[in-house]
Structures are given as structure tokens and as C-alpha cells.
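Position one of the sequence shown corresponds to residue 1 (full-length UniProt numbering), numbered consecutively onward. Positions of the beta carbon are idealized from the N, C-alpha and C atoms, including for glycine. Small disclaimer: the values here were computed from a predicted structure and weren't measured.
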Amino acid sequence: MDLLRSYAEDDEIANPNSQSSPDSSPIRMLPSKSAAPKVDDTMLALTVAGEAARAQSKPLDPTQHLVGFNPTYEQLWAPICGPAHPYAKDGLAQGLRNHKLGFVEDASIEPFVFDEQYNTFQKYGYAVDPSENSYIGDLEKMKECDAISVYNIPQHEQKKRKLEKKKEKMEEEEGDEQDVDMTEVENPSTDTWLMKNRKSPWAGKKEGLQVELSEEQKKYAEEYAKKKGEERGGDKDKAEPMVEKSTFHGKEEKDYQGRSWIAPPKDAKAANDHCYIPKRLVHTWSGHTKGVSAIRFFPKHGHLILSAGMDTKVKIWDVYNSGKCMRTYMGHTKAVRDIWFSNDGSKFLTAGYDKYIKYWDTETGQVIQTFTTGKIPYVVRLNPDEDKQNVLLAGMSDKKIVQWDINSGQITQEYDQHLGAVNTITFVDNNRRFVTSSDDKSLRVWEYGIPVVIKYISEPHMHSMPSISPHPNGNWIAAQSLDNQILIYSTRERFQLNKKKRFAGHIVAGYACQVNFSPDGRFVFSGDGEGRCWFWDWKSCKVFRTLKCHDGVCIGAEWHPLEQSKVATCGWDGLIKYWIFLLNAKLLEFPCQQFMIDAWGCSVLQLIGRVLEKISAKCCSQPFIVPKFYIFSILNHEISVFTEDFPQLACGLVFEQPFMSAFIVRITCSLSVGYRDQDTLICSG
Numbered sequence: 001m002d003l004l005r006s007y008a009e010d011d012e013i014a015n016p017n018s019q020s021s022p023d024s025s026p027i028r029m030l031p032s033k034s035a036a037p038k039v040d041d042t043m044l045a046l047t048v049a050g051e052a053a054r055a056q057s058k059p060l061d062p063t064q065h066l067v068g069f070n071p072t073y074e075q076l077w078a079p080i081c082g083p084a085h086p087y088a089k090d091g092l093a094q095g096l097r098n099h100k101l102g103f104v105e106d107a108s109i110e111p112f113v114f115d116e117q118y119n120t121f122q123k124y125g126y127a128v129d130p131s132e133n134s135y136i137g138d139l140e141k142m143k144e145c146d147a148i149s150v151y152n153i154p155q156h157e158q159k160k161r162k163l164e165k166k167k168e169k170m171e172e173e174e175g176d177e178q179d180v181d182m183t184e185v186e187n188p189s190t191d192t193w194l195m196k197n198r199k200s201p202w203a204g205k206k207e208g209l210q211v212e213l214s215e216e217q218k219k220y221a222e223e224y225a226k227k228k229g230e231e232r233g234g235d236k237d238k239a240e241p242m243v244e245k246s247t248f249h250g251k252e253e254k255d256y257q258g259r260s261w262i263a264p265p266k267d268a269k270a271a272n273d274h275c276y277i278p279k280r281l282v283h284t285w286s287g288h289t290k291g292v293s294a295i296r297f298f299p300k301h302g303h304l305i306l307s308a309g310m311d312t313k314v315k316i317w318d319v320y321n322s323g324k325c326m327r328t329y330m331g332h333t334k335a336v337r338d339i340w341f342s343n344d345g346s347k348f349l350t351a352g353y354d355k356y357i358k359y360w361d362t363e364t365g366q367v368i369q370t371f372t373t374g375k376i377p378y379v380v381r382l383n384p385d386e387d388k389q390n391v392l393l394a395g396m397s398d399k400k401i402v403q404w405d406i407n408s409g410q411i412t413q414e415y416d417q418h419l420g421a422v423n424t425i426t427f428v429d430n431n432r433r434f435v436t437s438s439d440d441k442s443l444r445v446w447e448y449g450i451p452v453v454i455k456y457i458s459e460p461h462m463h464s465m466p467s468i469s470p471h472p473n474g475n476w477i478a479a480q481s482l483d484n485q486i487l488i489y490s491t492r493e494r495f496q497l498n499k500k501k502r503f504a505g506h507i508v509a510g511y512a513c514q515v516n517f518s519p520d521g522r523f524v525f526s527g528d529g530e531g532r533c534w535f536w537d538w539k540s541c542k543v544f545r546t547l548k549c550h551d552g553v554c555i556g557a558e559w560h561p562l563e564q565s566k567v568a569t570c571g572w573d574g575l576i577k578y579w580i581f582l583l584n585a586k587l588l589e590f591p592c593q594q595f596m597i598d599a600w601g602c603s604v605l606q607l608i609g610r611v612l613e614k615i616s617a618k619c620c621s622q623p624f625i626v627p628k629f630y631i632f633s634i635l636n637h638e639i640s641v642f643t644e645d646f647p648q649l650a651c652g653l654v655f656e657q658p659f660m661s662a663f664i665v666r667i668t669c670s671l672s673v674g675y676r677d678q679d680t681l682i683c684s685g
């Protein structure tokens, strides 16, 4: 609006005859504004002024042909400095003067060096010229003193001076004592007493009062000195061995035929190749006072089970007969970490937190050999080859895999590439290679006997893998990862991760829960931190079943090598539990039915065979395999049969009404099982 008004007023001034309001407002001008930003040029001005001042005070060298700044008129026409100048009183040209006494040139010299030369010149009369590295001053005195400085006095001269000063001080003190009043010397409040009794900080240790120590203080001092001596002597890493002993809990170590108590039963054989998921608890072994860290079935037969406890004891239990503890092995001073059987089960290894590995005789309980490196062994394994059963491999806490010869007790090889404690050792590829996992979150593949890594597996998403188990077909390994999943790696040349197979759902973060396979490879199972045992299907990777096994952590699980429907688990509650797959009573029952069977020209056995074929066809509709039938008894017209696959299948065949060449057969089938004590079969009719 102001602009419009000013525009109108300009028109009125130009046209005075035009009519306008007498009370119009005066002309207002808008303030001018600049769009340029404000810049602080103080530092720039100071820098330019300083350079200009230095340039003006700097003299020109008449011999130079290039000047790096713009000199002033006075600098260009200033007279040349020489020994004497006709127009200057002191012989120095005005252009070369920057001090009232002449021109002072800046020099870079350390304060200590300057003080040394200054004090040397003041005392001896000579010094070093820093610009020319030559001496100036009294050169004869310099030659006489061998060009020493005040800070570079010879050692014998220093001792001489100290003695002289000490002598002078003693003379002064003697002179003062003659003049000092004795009353002042004895009075602590006077300066004379302080001067007499003062001590230098370098006069030595102050003399303290010698007080006799009490018996308790002496005992503590001796223990402390002993502990310090052990730490200095390097005995901290050395463990104290324990006297090994073993206790047999059975009735007798040999039976009436002279067979050992560890001998497997002769009739023990695999029932079939098909595994079933267990679901019922049939037995509990309790004998450890603390948690159980690992369990192992007796190789190939499984009639005994070995357990490692955190109570420093190793126990072996009977599975088939009494179900009691057969022998206890005591040889460690701390918790037992890992155990491992030899191929024939006659010997086994134990690894404890007391830093010892011990090789035991299973039958007698004697320690055959003891090994140690001063570090904690986390895993122990024997070479699975029959001709290499004397080779022991142990993963240690100092990032090494150590290989011993059991016969000689000597270390034959060390595999040292890991960056953390070694947790697992798993043999693959017909025992020519082995895979190790570590706390450094990596997998490394080694050629047996060669301490060079042939495959290194480490990804940013990987976690530590405290347990690894091989698949029964030997083509895969399952690794328990601490991010709550089980990963599958191939054991072929490339050792690739199988991204299609991943087993999850359990909680194992922070626990070294064991992962394992069923003997037929159809199931993967593992314990978890909440006391449950998880079963997954190998093909679909889906959870098949979970069992609540223990109150604490379910740390280990083993499938029976022969009886494919039985699993043993162990936990930190100190218990070992035995689980089986159990058919319910009368699971399979056929109603009374009639079949027309052609019996023309058949013998009795052929007729029975045709009848059993009819029963097999009926069984095929049930969710399990066709049974194998065997004749049990033939009495009159009733035939009883049983199967090998099921505990008992009773079939009653009654021949009725012969009609020409055919028989009318009434078939009644019923299945009933029961268990008593050690799986004793009870058949109900």
C-alpha cells in the first residue's frame, strides 16, 4: 500500500493541477537488502596483515633473482649490509634492522640445548655455534677441557664433586654444632631440632618398629608366599593327578561259563531296520549326585550304557537285565566333560575339567594311560579305523587339536589353526578326514595326519556349534548351532551347507546339547535347554514329536544301536531315562469274518498259507508293515500263529462246513502286549 501511495504522490507532484487529499502521508523509502551471505573476514584480514608485516620487515638478499612477495620501495632501495656503512652510525643498514641492536635471525633450537650451550659459555667461555656447527669463544679452554659441557661431565669428576660437597656439608654442620645451644637441639618445636633430625627422601627405608607376628599371621604369610611361588613358577596350569580307583557293584565279574560281565548277549540282534519314535518312559537310572554331561551306548550291542557326571565320576549301567549300576570309575578331581568307547567297547576315554585325559579298561576299571597338556580337553575321540585304535585326538581349550599315540604316550601331531576352544571332532569320508568346530564360530576340515586346513567354513551369520553328528549314510553331518537351529552340511568335496534342510523349534542357546540320528536315518533328535527331547523327520524337516524328559537341561540323547524303538536321554538333573515305543493293548483287532478260500488239491500247509495271505492283506490296511507269520501250534482244527515284527499276533483259524472243494474259514485276530520288569512279554488270549 505504501508503494501505491508513493506512486500516487509522484503523480501529484508531476501534475500540480490534479486534485489530491491535503492530508496525504509523507513519502516512505524501503530499506535496501543484500542477498549475499555475511562472511567473517577477521581471520583473513589478520593473515594478510601478518604476511604483509613479515614481508616488509624481511630484508632482501642482493644475490637472489626471484622474490616471492611484493617488496616495498624502501626494501628495494635499501643499501646493502656490509662491514661498515657510511650512512649508518652502527654500520648496519636501516633495511636490515629488526631489533634495536641490529638484525636478529630466527633459529630452531631446543630449550635444553640452548641452556646447555649458554651455561657452558658462562662457565668455560666457549660454546657451539648452531648455524655452523663450530665452536666459538675461548678455543684454548675448549681444548684443555676436551670440549665438555656443563651437562656432560665425566663420571669420575662427578664423584669427586659429590665427595667435595659432602665434605663441605659436614664441615658446616660441625661448625654449626659448636655454635648451637643444646636446649634448642633437644626441643622438637625449634628449627634447630628439625634441621638436625631431617632425612632426605633418598636416605633409605624408614626403620619401622619390629613387632612379632602371631601364629595366625605367620600361617597366612606362609600360605601367601607359597601361592605366590606357585604362580611365579608356572605351576598354575599344572593339574594335580588323582589316585584312580574303581568299584564293581554287580554280583560277580564272571558268570558260571567264565564270560565277563561286559560280554554282549549272544542272541542280541537287530529286530528290523525300521525305527519308531519312543513315547513312554520305562526305566530311570539315578546314581549321579550332580548333572550328567554325556552318555554312550556300548558299541554295536547297547547292552550297557556309560555316563559321565559332573560329580567327577563315570558310571556304567546295565540295560538288558537288572538295570543297575555295574561299575563306578573314579579318577578325576573335577567334572567329566566327555567320554568315548573304543570300537569293541573293552576300553574307553574320559576327559575332565581337571585337564587330564584318561584311558580306562572297561572290565577291570584300571587306568591304562593318562594324558595332559596343562589345558582343558573339551572333546576326545579315537580314530574309528580298526588299525588305528591307538590314535587319540583331543580338542583343547588352547585352540589346538592334539594327537597322541596311546601305546607310547607321545604327542605325534598338533592341529593349530582355530581361534577359539575346540568343541567337536567328527570323522568323515571313510575316516580319511575329520571336521572340527570351535568357539571361533567356524568349521574346519582337516586331512588326517596333516595339520593343514583343506576347507574353512566361516560366515557372518554363523554361530558356535558345540555338537556335530554324522548321518548313518555318511553323506551329511548335522551341526547344533547356538542360534536355536540344526544345520546340515555335506561331507562331499565342497562341504556345502544344505539350505533346504533346517531343523528348528527347540531352545539350545547357551547349552551344548547333543544332536543325533536314528539308526535308519529317518529321524533327527536333540535335547534342549528346557528339558525336552525333540524329534524331526529327516525328509520333511518337520517336528515329529517332543518329549518332556528332564526337569533341567536335556544335554544328551542316544538311540539304541539294536532296538530301534528305544532312546536314552540324560540331563543336568542327574538322571538317565530310557524311552521306548509301545503298542497299546489290542491295537489291532479283526472282527469275525468269513473268507472263501479255494482248497482244491491243497495240503493243509498250503491251505494255511492261503489263509495267512488273507490276513496279510488285511494287515496292509493298517499303518505298519506286513507281518511275517510263523506256525506256532496246530491243534485239531485251530491254528495259532505269531509274528516276528509284533510282540504277539494270535490268529484262530476254525474250519467249518466243508463244501465241495472250498472251506468256509472263520478268522479271528487280536493283538495284545504288555511289559513287566525288563520287557518280559505278557500275552493275553
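- Proximity to Val-292 across Asp-551, Lys-542 and Gly-250 peaks at Asp-551, based on C-alpha coordinates.
- Judged by beta-carbon spacing, Gly-302 lies within the 8 angstroms limit of His-560, meaning their Cβ atoms are closer than that value.
- The C-beta distance from Ile-555 to Cys-570 rounds to 6 angstroms, short enough to fall under 8 angstroms.
- Annotation for Gln-403: no alpha helix (DSSP H) segment contains it, though the beta strand (DSSP E) segment containing it runs 401-405.
- Distance between Ser-467 and Ala-221, taken at the CA atoms: about 47 angstroms.
- Under the three-pair Cβ rule at 8 angstroms, the stretch 297-313 counts as touching the stretch 341-350.
- Apart from sequence neighbours up to five positions away, the residues of its chain that approach Leu-419 with a beta-carbon distance below 6 angstroms are Asp-440, ordered along the chain.
- Here Ile-477 really is in contact with Thr-426; their C-beta atoms are around 6 angstroms apart, less than 8 angstroms.
- In this structure, Tyr-489 and Asn-498 form a Cβ contact; the two beta carbons are roughly 7 angstroms apart against a cut-off of 8 angstroms.
- Annotation for Met-396: the continuous beta strand (DSSP E) segment containing it runs 391-396.
- Taken in chain order, the unbroken stretches of beta strand (DSSP E) that lie wholly in the UniProt repeat "WD" (285-319) and span 3 residues or more are 292-297, 304-309 and 313-318.
- Distances from the CA of Ser-131 to each of Ile-109, Pro-384 and Lys-141 were compared; the closest alpha carbon is that of Ile-109.
- About 4 angstroms separates the CB atoms of Gly-331 and Glu-244; that is less than 8 angstroms, so the two are in contact.
- Exclusion of the five residues before and after Lys-166 leaves no residue of its chain whose Cβ lies closer than 8 angstroms to its Cβ.
- Rounded to the nearest whole angstrom, the CA to CA distance from Met-242 to Met-310 is 16 angstroms.
- Here Arg-161 is not bridged, per DSSP, to any residue.
- The beta carbons of Tyr-356 and Gln-369 sit about 11 angstroms from each other, so the pair does not count as a contact at 8 angstroms.
- Judged by their CB atoms, Lys-141 and Tyr-126 are nearer to each other than the 8 angstroms cut-off.
- In the structure shown, Thr-183 adopts helical secondary structure according to DSSP, grouped into three states.
- Excluding five sequence positions before and after Lys-123, the CB atoms of its chain that fall closer than 7 angstroms to its own CB belong to Val-150, given in chain order.
- Counting only residues of its own chain and dropping the five nearest sequence neighbours on each side, Phe-503 has a CB closer than 7 angstroms to the CB of Gln-485, Ile-486, Val-524, Trp-536 and Cys-541.
- With a cutoff of 8 angstroms on beta-carbon distance, Thr-350 and Thr-247 are scored as not near each other.
- Taking each of Gly-574, Leu-575, Val-553 and Arg-545 in turn and checking the Cα distance to Pro-278, the smallest one comes out for Arg-545.
- Pro-377 has Met-396 as its beta-bridge partners, per DSSP.
- Taking every protein chain shown into account, the CB of Glu-230 has fewer than 16 other CB atoms within 10 angstroms, so this residue is exposed.
- Its chain contains no residue whose beta carbon lies nearer than 8 angstroms to that of Lys-266 once the 5 sequence neighbours on both sides are disregarded.
- Contact annotation: Pro-377 and Asp-416 have beta-carbon atoms that are not nearer than 8 angstroms.
- Between Glu-530 and Val-508, the alpha-carbon positions lie close to 8 angstroms from each other.
- Assignment of Val-243 by DSSP, reduced to helix, strand and coil, places it in the coil class.
- Within its own chain, the residues whose Cβ lies closer than 7 angstroms to the Cβ of Phe-434, once the five positions on either side in sequence are excluded, are Ile-425, Thr-426, Phe-427, Val-428, Trp-446 and Tyr-448, listed in chain order.
- CA-to-CA, the gap between Tyr-353 and Gly-258 works out to about 38 angstroms.
- A direct Cα-Cα distance of roughly 35 angstroms separates Ile-576 from His-461.
- If you ignore the 5 residues before and after Val-402, its C-beta comes within less than 7 angstroms of the C-beta of Thr-373, Ala-394, Met-396, Ile-411 and Glu-414, all in its own chain and listed in chain order.
- The three-state secondary structure of Gly-137, taken from DSSP, is strand.
- With respect to the C-alpha of Arg-381, the residue from Val-553, Ile-406, Thr-362 and Trp-77 having the closest C-alpha is Ile-406.
- For Glu-563, the closest C-alpha among the options Val-422, Ser-214 and Lys-269 is that of Lys-269.
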